[in-house]
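Below is one structure, written out as structure tokens, with a few remarks after it.
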Amino acid sequence: MTLDTSTERGRHVAARLRGDIVAWLTTVRPDGQPDTVPVWFLWDGATAVIYSRPNQVKLRNVASNPRVSLVVDDTHGGADVIRIEGAAAIDESHPACDASPAYVAKYEAHIIDLGYTLPEFAATYSAPLIITPTKYRT
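The C-terminal residue of the sequence shown carries number 1108 in my numbering, and the numbering is unbroken.
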């Protein structure tokens, strides 16, 4: 599903998806319990890319159930929350995060603040999770 950026609201949502640093990813455990974690993400206009450490719960959950929600929160009273429902897939062929100029531009300062070099971070967060939206709720 494509985000309609011909509308003012669509352009606003796209800007938030490009600029916000943290989103909340909800996956579903095999026992049916939702599991929600904060993530860094890169919005490319059609999909969201999240880089994870391998063998994390979110990756195991997606392997058994690809349905996810990604929420970009608004900490100013909840009037501007963006919810994306979609399908997630682990894509080992996706470029590493340090090979993505857009990801580096968005997160390099944060990566350095955490004490990583870009290559160290890319080696640690080496599992790309791609979310393809099926529904936007704003």
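C-beta: ideal position from N, C-alpha, C; glycine also.
Keep in mind the model is a prediction, meaning the values are calculated, not measured.
Identified DSSP bridge partners for residue i
i, result
"V1042", "I1052"
"Y998", "A small fix is needed here, since residue 998 is Val in this sequence, not Tyr. The partner list for V998 (beta bridge, DSSP) reads P1004."
"V992", "W1010"
"A1057", "R1037 and T1102"
First through last residue of the alpha helix (DSSP H) which encompasses residue i
i, result
"S1034", "V1027 to S1034"
"T1094", "L1088 to T1094"
"L987", "E978 to G989"
"D1005", "Segment P1004 to W1010 is the beta strand (DSSP E) holding D1005; no alpha helix (DSSP H) there."
"E1071", "At residue 1071 the sequence reads Pro, which differs from the Glu that was named. Residues P1071 to D1083."
Boundaries (first-last residue) of the beta strand (DSSP E) holding residue i
i, result
"Y1021", "A1018 to S1022"
"P1098", "A1097 to R1107"
Cβ-based neighbour list, residue i, same chain, cut-off 8 Å, excluding 5 preceding and 5 following
i, result
"D1001", "none"
"R1107", "I1052, R1053, I1054 and E1055"
"A1059", "V1032, P1036, L1099, I1100 and T1102"
"A1057", "P1036, R1037, V1038, I1101, T1102 and T1104"
Same chain, Cβ closer than 6 Å to residue i, neighbours up to 5 away in sequence not counted
i, result
"T997", "D1005, K1028, N1031, V1032 and V1038"
"N1035", "V998"
"R988", "W1013"
"T972", "none"
Contacting residues, own chain, Cβ-Cβ under 7 Å from residue i (five flanking each side not counted)
i, result
"D974", "G980"
"Y1095", "Y1021, S1022, R1023 and C1067"
Cutoff 7 Å: residue i Cβ touching any chain C Cβ
i, result
"H1080", "Among the protein chains of the structure shown there is no chain C, as only one such chain exists."
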